[in-house]
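Asks: Sequential numbering from 38 applies to the sequence shown in the numbering used here.
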Amino acid sequence: MPNTKTVHVDHLGGIDAAYQMPHPYDPSKPTLVLVNSFTTSSELYQSQYANKSLTDAMNLIAIELLGHGQTRTKSENFTYWDTAIMNLQVLAALHISGPGKKVFVLGTSQGGWITARMALVAPELISGIIPLGTSMDYESERTRSLGCWNGPADLAANIKEWTTNEKTEGFEPSEEYANFLIDIGFGKECPKETRGFWVKEIQKNYRGDEGRRRIRMAAINLAERDGLHARLADVRCPVLWLHGTADPVYSVKNAEEEIKMFVNSPDAKLQTVEGGQHFLSFSHPKEVDAALIEFVGKYGK
């Protein structure tokens, strides 16, 4: 990930947080934070970086979560709340957030619940959130009854395999794992070059004993995270939830129920995208980018 830079923040005793910005920060524009999905990196948003209409309208900064990309910390254990706090500290360190500055957060899948956590931790700093292909619940029977995946079951074998007291300097995620992630995220029919890129990206990023420990904790966070239902009434910024109709991980039915839980948001809407995959900004960038320009344009003045 040659395009990333790092900034040191003090959460968890110190984190070197990796981020990617396609253009230098312009304080006259609102800012959109991009939060990537499980075991991907800031490269997930290449389509957005290349859209001049989008980058003319707003600053883009993709911050790689704890356990992802080039972000590093000495603490082996961390949660999604820690990533939300880290992201806020990154914005402060880069002088991107603060009085009079409009900051929005878009997150794909696991990034979706980072958007809500950031709005809960620092409501005065976040002007709006855009969850993509996500859920605000824990991995519950309720979500499975609405057609969502069984995350704990799907990840159990991986977590067991990645848990050991032995040093694993030769560790590398299997192609089977990488293709599983690609199938559910980008779609089984995604271009060959996309599949090839992400197999290499995932294997390269999680090599060695340190990589094994990071991917293990990322998987534990995904399988065992806390739900946000009782907290969603405390989200008071606008919410634009984008969800693909072909998402195999979290269902439109679940999104239809959960968007109604943002009862104190001044504007909480669900927008579905026909044929959209789980990684919606990749499968349908035109629809996502147009929605972003409209939403940020409306609330970013």
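All residues carry an ideal CB built from backbone N, CA and C; glycine is no exception.
At the level of alpha carbons, what is the spacing between residue 332 and residue 223?
Replies: Near 25 angstroms, if we compare the C-alpha coordinates of residue 223 and residue 332.
Asks: Identify every residue that forms a DSSP beta bridge with residue 56.
Replies: In DSSP, residue 56 forms a bridge with 42, 100.
Asks: Determine the direct distance from the alpha carbon of residue 86 to that of residue 213, and round the result to whole angstroms.
Replies: Their Cα atoms are separated by approximately 29 angstroms.
Asks: Start and end of the beta strand (DSSP E) containing residue 278?
Replies: First-last of the beta strand (DSSP E) with residue 278: 276-281.
Asks: Can you give me the start and stop residues for the beta strand (DSSP E) that residue 69 sits inside?
Replies: Here the beta strand (DSSP E) through residue 69 covers 68-72.
Asks: What residue range is occupied by the uninterrupted alpha helix (DSSP H) comprising residue 335?
Replies: Its alpha helix (DSSP H) spans residues 322-336.
Asks: Check the C-beta distance from residue 239 over to residue 260 and give it rounded, since I have them as a contact under 8 angstroms.
Replies: Rounded, the Cβ-Cβ distance is 18 angstroms, inconsistent with contact.
Asks: I want to know whether the region 148-161 touches the region 191-201 - three or more CB-CB distances under 8 angstroms.
Replies: Cβ pair count under 8 angstroms is below three, so no.
Asks: Determine the closest residue to residue 77 out of 242, 247, 310, 164, with distance taken between C-alpha atoms.
Replies: If we check each option's Cα against that of residue 77, 242 comes out closest.
Asks: Skipping 5 residues on each side, what residues in its chain have a beta carbon closer than 7 angstroms to that of residue 263?
Replies: Around residue 263: 175.
Asks: Is the beta carbon of residue 266 closer than 9 angstroms to that of residue 295?
Replies: For residue 295 and residue 266, yes; Cβs fall inside 9 angstroms.
Asks: According to DSSP, is residue 299 part of a helix, a strand, or is it coil?
Replies: Correct three-state label for residue 299: coil.
Asks: Out of curiosity, what's the CA-to-CA distance linking residue 83 and residue 99?
Replies: Distance between the alpha carbons of residue 83 and residue 99: 10 angstroms.
Asks: Can you tell me where the alpha helix (DSSP H) with residue 189 in it begins and where it stops?
Replies: Residues 188-198.
Asks: Express the C-alpha separation of residue 183 and residue 273 in angstroms, rounding to a whole number.
Replies: Each residue's alpha carbon lies about 26 angstroms from the other.
Asks: Hey, quick one: how far does the beta strand (DSSP E) through residue 165 stretch, first residue to last?
Replies: Taken as a continuous stretch (DSSP letters only), the beta strand (DSSP E) holding residue 165 covers 165-169.
Asks: Across which residues does DSSP place residue 305 in a beta bridge pair?
Replies: Bridge partners of residue 305: 276.
Asks: Does the beta-carbon distance from residue 108 to residue 47 come in below 9 angstroms?
Replies: Contact flag unset, no.
Asks: Given this structure, state the Cα-to-Cα distance separating residue 62 from residue 117, to the nearest angstrom.
Replies: Cα to Cα, the separation comes out at about 26 angstroms.
Asks: Identify the continuous alpha helix (DSSP H) that holds residue 158 and give its terminal residues.
Replies: Unbroken alpha helix (DSSP H) run through residue 158: 147-158.
Asks: So residue 298 and residue 104 are in contact, right, with Cβ under 8 angstroms, and what is the actual spacing, rounded?
Replies: About 27 angstroms separates the two Cβ atoms, so there is no contact after all.
Asks: Give the straight-line distance between the Cα atoms of residue 42 and residue 330, rounded to the nearest whole angstrom.
Replies: Cα-Cα distance, rounded: 26 angstroms.
Asks: So, helix, strand or coil for residue 233, using DSSP?
Replies: Here residue 233 sits in helix by DSSP.
Asks: In the DSSP assignment, what residue or residues form a beta bridge with residue 141?
Replies: The partner list for residue 141 (beta bridge, DSSP) reads 69, 165.
Asks: Might you give, ordered along the chain, the residues of its own chain that have their beta carbon closer than 8 angstroms to the beta carbon of residue 293, omitting 5 neighbours on each side?
Replies: Result list for residue 293: 307, in chain order.
Asks: Where DSSP assigns a beta bridge to residue 110, which residues make up the other side?
Replies: DSSP, once it has assigned bridges, lists 52 as partnering residue 110.
Asks: Using the Cβ count rule (16 or more neighbours within 10 Å means buried), how would you classify residue 113?
Replies: Exposed.
Asks: Using the Cβ count rule (16 or more neighbours within 10 Å means buried), how would you classify residue 280?
Replies: Answer is buried; the Cβ neighbour count reaches 16.
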